[in-house]
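Student:
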Amino acid sequence: MTQIISLILPVLISGSVLIIVLKLKTLSFLDYPLDFNLTVGSKRFFGKNKTLKGLSIFVLFSIITCYVLKHIYLNGGKGLIHPVFSQNTIQLGLLFGLSYEAGELLNSFIKRRIEIAPGETKNSLQHLFDLSDGVITTASAALLFHKITVSEAILTGVFGILIHLFTDQIMIKMKLKKIF
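In structure tokens, the structure reads:
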């Protein structure tokens, strides 16, 4: 079970760092929208919340987390850390960070098309998709590009969504995130 949790850590830690950076209002020079303010019709491509800051934090801290997990794996943590972390740290970190962001961007693109404002949800199903978009794309990418099994990918997805739901509730209680 801890090996499955280790597969979630790169995006969990990256997301946590991003929330802290956003709340501290730091690194404002990276507050540039990933869609370059482009529109499709009259609607933004991704919206104001998808920025270079989020992408940079996710990729950087995914790489750092993968490095730490590799270090633990190679120094006696083989029973705790998934063997995928014995691989190239930068490639694996890029995979985790970029695949998570790809899920987020796809969700944002869809939300803009159906006129859901950035950072908002309209119903429980859409909220569930908001919690699962990046987790699903990350678990899928790990399955496709690295040596994890289908059952490990499914468990990573399920536990990742549950952990995301739990951490969202904590962030709401701490007033770091608003209630949808």
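Everything in the sequence shown is counted per numbering that gives the first Met the number 0, starting at 0 for the first residue and increasing by one. Note that the Cβ used here is the ideal one computed from N, Cα and C, for glycine as well. Computed from a predicted model, the values in this text were never measured in an experiment.
#1: Any heavy atom of the ligand FMN within a distance shorter than 6 Å of the CB on threonine 1?
#2: Could you please give the first and the last residue of the uninterrupted alpha helix (DSSP H) stretch that includes serine 41?
#3: With glycine 92 and isoleucine 62 assumed to form a contact (beta carbons below 8 Å), what rounded beta-carbon distance in angstroms separates them?
#4: Let me check understanding here. Comparing Cα to Cα, which of Lys177, Met173 and Gly159 lies closest to isoleucine 12?
#5: Is DSSP giving threonine 64 helix, strand or coil here?
#6: Nearest CA to the CA of isoleucine 56: which residue from Glu119, Arg111 and Ser15?
#7: Please name the residue in Asn36, Met0 and Tyr99 whose C-alpha comes closest to that of alanine 140.
#8: Consult DSSP for threonine 155 and reduce its assignment to one of helix, strand or coil.
#9: Quick check for students: name the residue ranges of the alpha helix (DSSP H) that lie wholly in the region 96-157, counting only runs of 4 or more.
#10: Does the contact criterion of 3 or more C-beta pairs under 8 Å hold for the region 70-77 versus the region 118-137?
#11: Could you say which of Gln125, Gly53 and His145 lies nearest to lysine 24 if we only look at CA atoms?
#12: Starting from threonine 50, follow its DSSP beta bridges and name the residues at the other end.
#13: Are the region 168-177 and the region 136-154 in contact at 8 Å, needing three or more beta carbon pairs?
#14: Short of 7 Å in beta carbon distance, which residues of its chain neighbour threonine 88, apart from the five on each side in sequence? Order them along the chain.
#15: Can you tell which of Gln90, Ile147 and Asp167 has the C-alpha that lies nearest to the C-alpha of histidine 126?
#16: Let me check understanding here. Comparing Cα to Cα, which of Phe165, His145 and Phe95 lies closest to glutamine 86?
#17: Specify the secondary structure class of phenylalanine 45 as computed by DSSP and reduced to three states.
#18: Quick check on the DSSP output: the alpha helix (DSSP H) that includes threonine 1 runs from which residue to which?
#19: Leaving out the 5 sequence neighbours to the left and right, which residues in its chain are closer than 7 Å to asparagine 106 when beta-carbon positions are compared?
Tutor: Checking against the coordinates, here is how it stands:
#1: Here there are no bound small molecules, and the ligand FMN is not part of this structure.
#2: Here serine 41 belongs to no alpha helix (DSSP H), and DSSP marks it neither H nor E.
#3: 3 Å
#4: Gly159
#5: helix
#6: Ser15
#7: Tyr99
#8: helix
#9: 123-144
#10: no
#11: Gly53
#12: Pro32
#13: no
#14: Ile62, Cys65, Tyr66 and Lys69
#15: Asp167
#16: His145
#17: coil
#18: 1-23
#19: Phe128, Asp129 and Asp132
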